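Residue numbers (the working numbering): 8 to 665. Built from N, CA and C at the ideal position, the CB exists for glycine as well. None of the values given here were measured: they were computed from a predicted structure.
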Amino acid sequence: SQGSSRLLIFTNAVRVWRLKTRGDYWVLDLKSGKLQKLGGDAEPSTLMFATFSPDGTRVAYVHDKDLFVQDVEAGKITRLTTRESDSIINGTSDWVNEEELFIRNGFKWSPDGKSIAYWQFDTSGVKDFPLMYNTGGQHDVLTHIPYPEYGVYPTIQHIPYPQPGTTNSAVRVGVVSAQGGPTRWMKVPGDPRNTYIARMDWADNSSELVLEHLNRLQNTNDVLLANAETGDVRKIFSDQDKAWVDFVPELRWIDEGKNLLWLSERDGWRHAYAIPRNGGEPRLITHGNFDVVTIEQVDSEWLYYIASPENATERYLYRSRLDGTGNPERLTPKDREGTNGYQISPDCHWAIHTYSTFDSPPVTYLVSLPEHKVERVLETNSALRKNIDGIRPGPTEFFRVPVHDGVALDAWMIKPRNFDPAKKYPLLIYVYGEPADQTVMNEWRSKLTLFHFALADAGYLVASVDNRGTPAPRGRDWRKVVYGAVGVLSSKEQASALTELEKTRPYIDASRVAVWGKSGGGTNTLNLMFRHPELYKVGMSVAPVPDQRLYDTIYQERYMGLPQDNVKGYEESSAINFAGGLQGHLLIMHGSGDDNVHYQGTELLLNRLIELGKQFDFMEYPNRTHSLIEGKGTDYHVHATVARYLMEHLQPGPRGGN
């Protein structure tokens with residue numbers, strides 16, 4: 008709590024679905040030592056998102072899709088909302104808004120502690136997607152059924168899940184007194200089922216809210232100010248793009264509340280702007296042909312942010328003056344080439360700095376700003392560094408691959424130990440290739456890095472390439488060129504990059520090339536195996552989306568538009584429609600309890616491959632989610648299966664040479 012007199016403790020977590028959890032909350036009085044459980048007589052593990060009031064005397068939380076406030080001293084519980092039906096969700100979000108817009112804790116205390124603003128979702132009309140668990144309850148992974156036990160049946164979880172072009176939840180934002188009473192709904196324009204309220208917060212006071220209001224196509228993001236007393240709203244800014252606009256994850260006010268800090272690609276680069284509260288032209292804060300990756304902190308004079316103008320695979324701390332004058336200043340020292348992350352104190356005088364490279368685990372420092380002086384080493388990861396010394400094959404090479412029209416793609420390659428350029432080695436490509444992630448980053452990626460080290464040590468070249476359409480800080484056009492046809496350009500550029508690598512690096516054995524990836528990478532593995540079978544001989548596709556019509560509305564429509572308006576784009580972007588091209592060895596892996604990328608798509612693909620007479624291999628993980636980590640041994644089994652399949656169908660080690 009403010010003043011650090013009380014501590015909020017969360018225990019006994021139970022997953023609601025892949026990302027959201029519920030559990031028990033306790034308040035510990037640090038002076039008296041008194042420990043108090045919140046929720047009264049609520050069932051165990053049923054509270055969510057408990058949050059102190061600004062003065063620390065009360066806690067608001069969600070229980071059974073409704074909002075409550077509990078007085079810490081007296082223990083009195085006040086119910087703030089009462090659902091009219093089971094389709095109503097107060098104070099948190101439905102599945103798709105949580106997954107894609109990251110709305111989880113769906114309420115905000117007003118600065119004066121008198122009111123609470125919250126999201127409400129109405130899922131009525133959203134089609135239900137039932138998930139069947141054949142071997143136990145939700146997320147349970149049973150290895151045996153105890154004796155005696157009779158009548159063991161599957162369980163089913165029902166999730167309202169909107170696929171592209173179907174009905175969304177209706178969303179609205181309201182304000183209610185923390186003492187209870189009626190809710191005042193904000194008069195947000197438009198159809199609440201065909202718009203999104205991506206962000207909501209108090210507008211640096213207790214009388215107004217600021218909202219990010221996206222249209223269904225997500226190519227317009229209106230910034231609205233709403234009067235908390237009357238519900239009236241007014242637009243102060245509109246961000247637009249012919250493809251899509253990204254929502255701003257955190258709404259911060261600067262210049263003593265006169266301006267809203269904003270990120271926009273309106274000039275072709277992702278820059279920071281000051282949006283006047285009273286409307287008017289935004290003020291550009293960051294100047295230059297580079298992207299602001301994330302905003303880290305702000306004080307009365309400076310904006311601190313992550314950027315990497317020269318190298319899209321790395322990350323550094325910069326600052327610019329809030330008034331827009333002067334040039335950006337890099338604060339990260341030149342000898343920290345790689346990925347640098349920061350937690351900056353509110354006064355911007357201190358930061359916890361974490362630094363890593365692809366080959367080197369993180370080191371964490373306490374530094375003073377702006378001089379970036381190391382005051383203390385907090386963690387060196389010395390034990391981990393020692394452990395990896397024996398398995399790290401050698402320095403990972405970062406480079407760019409020219410493909411076409413002057414485009415060059417970022418890439419990395421790990422070579423086997425005792426590499427001999429006079430010989431030919433098999434190549435494994437690790438792919439993602441969609442707008443949600445980069446694979447080519449000069450940063451430590453823990454077990455994924457170790458997995459690729461192990462495969463290189465076994466005798467494989469391991470490489471990855473970021474095609475256009477990935478979220479690299481290389482400008483608006485780089486990221487949005489894939490609009491309307493996700494999967495088409497990625498396949499073309501990945502194949503072009505491979506051809507160029509084989510041409511310029513004679514030690515690559517073109518007859519021994521494999522590809523693997525998970526989620527979007529699993530999808531692109533299918534694309535490459537189906538569309539370019541002459542190049543890729545072996546593929547391991549983990550939890551893919553074979554048909555773009557089967558994922559959720561927010562993600563798919565953001566990058567593809569509505570399927571009703573883009574029939575050809577959805578058809579050409581879906582790997583399942585090119586399954587007839589399969590010639591090599593293909594392993595498909597999926598968790599049957601995947602609430603994100605549904606097992607349904609993989610089953611449809613299996614049917615299509617069977618229909619076409621195509622041979623393939625398949626591994627199901629019962630009840631596992633998209634993370635594929637539930638149950639003892641699962642994470643290891645997934646990676647071991649990928650490695651085993653690779654080695655069975657693509658012999659490791661060099662050929663030829665002297």
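- Judged by their CB atoms, L657 and D624 are not nearer to each other than the 7 Å cut-off.
- Its Cα nearest to that of P161, the residue L138 stands out among L138, P169 and V178.
- A direct Cα-to-Cα measurement between F136 and G188 gives close to 35 Å.
- Per DSSP, the unbroken beta strand (DSSP E) holding G546 starts and ends at V545 to V549.
- When R322, D330, R326 and C355 are compared, the shortest CA-CA separation from D342 is found for R322.
- Look at the beta carbons and you see the stretch 287-304 touching the stretch 315-330: at least three pairs across the two are nearer than 8 Å.
- With respect to the C-alpha of R191, the residue from T130, L87 and F405 having the closest C-alpha is L87.
- In the three-state scheme derived from DSSP, where H, G and I count as helix and E and B as strand, K430 is classed as coil.
- Comparing alpha-carbon positions, the option among E91, V370 and L310 lying closest to I351 turns out to be L310.
- The stretch 538-553 makes contact with the stretch 597-616; the number of CB pairs closer than 8 Å reaches 3 or more.
- Assignment of E219 by DSSP, reduced to helix, strand and coil, places it in the strand class.
- Non-local C-beta neighbours of G591 in its own chain, meaning closer than 7 Å and more than five positions away in sequence, comprise M536, P540, Y543, K544, V545 and G546, ordered along the chain.
- Three or more beta-carbon pairs drawn from the stretch 415-426 and the stretch 463-483 are found closer than 8 Å, and the two stretches are therefore classed as touching.
- DSSP, reduced to helix, strand and coil, places R399 outside both helices and strands of the structure shown, so it counts as coil.
- Measuring C-alpha to C-alpha distances from N212 to each of I152, L221 and P118 identifies P118 as the nearest.
- Collapsing the DSSP output to three states places R290 in a strand.
- In this model, N334 and G527 are separated by some 38 Å (Cα to Cα).
- Burial is judged here by how many other beta carbons sit within 10 angstroms of a residue's own beta carbon; L533 has at least 16 and is buried.
- Taking 7 Å as the cut-off, the beta carbon of L270 is found no closer than this to the beta carbon of I261.
- Within the stretch 329-386, the runs of beta strand (DSSP E) at least 3 residues long that lie entirely inside it are, in chain order, 346-351, 357-364, 367-375 and 380-386.
- Around P400, the same chain offers I421, K422, P423, R424, F460, A463 and D464 as residues with beta carbons nearer than 7 Å, after the five sequence neighbours per side are excluded.
- Looking at the DSSP output, H539 shares a beta bridge with no other residue.
- Around the CB of S498, 16 or more other CB atoms lie within 10 Å, so the residue is classed as buried.
- Per DSSP, the unbroken alpha helix (DSSP H) holding T511 starts and ends at V495 to T511.
- A buried status is given to N104, since no fewer than 16 other beta-carbon atoms sit within 10 Å of its beta-carbon.
- Straight through space, the alpha carbons of E263 and S122 are spaced by roughly 22 Å.
- Contact check for L619 against G587 passes: the beta carbons are separated by less than 7 Å.
- Three or more beta-carbon pairs separated by less than 8 Å link the stretch 171-182 to the stretch 200-207, which places the two stretches in contact.
- Annotation: P196 to S307 spans about 34 Å, alpha carbon to alpha carbon.
- Taking V148 as the centre and dropping the five residues before and after it, the same chain places the C-beta of N630, E637 and G638 closer than 6 Å to its C-beta, in chain order.
- Annotation for G608: the continuous alpha helix (DSSP H) segment containing it runs Y606 to E618.
- For S453, the enclosing alpha helix (DSSP H) has its first and last residue at S453 to D464.
- Contact between the stretch 404-413 and the stretch 284-292 is absent: fewer than 3 CB-CB pairs across the two stretches fall below 8 Å.
- For the pair K487 and I110, the Cα-to-Cα distance works out to about 24 Å.
- Between P478 and G40, the alpha-carbon positions lie close to 48 Å from each other.
- When the Cα atoms are used, P153 and T142 turn out to be separated by approximately 12 Å.
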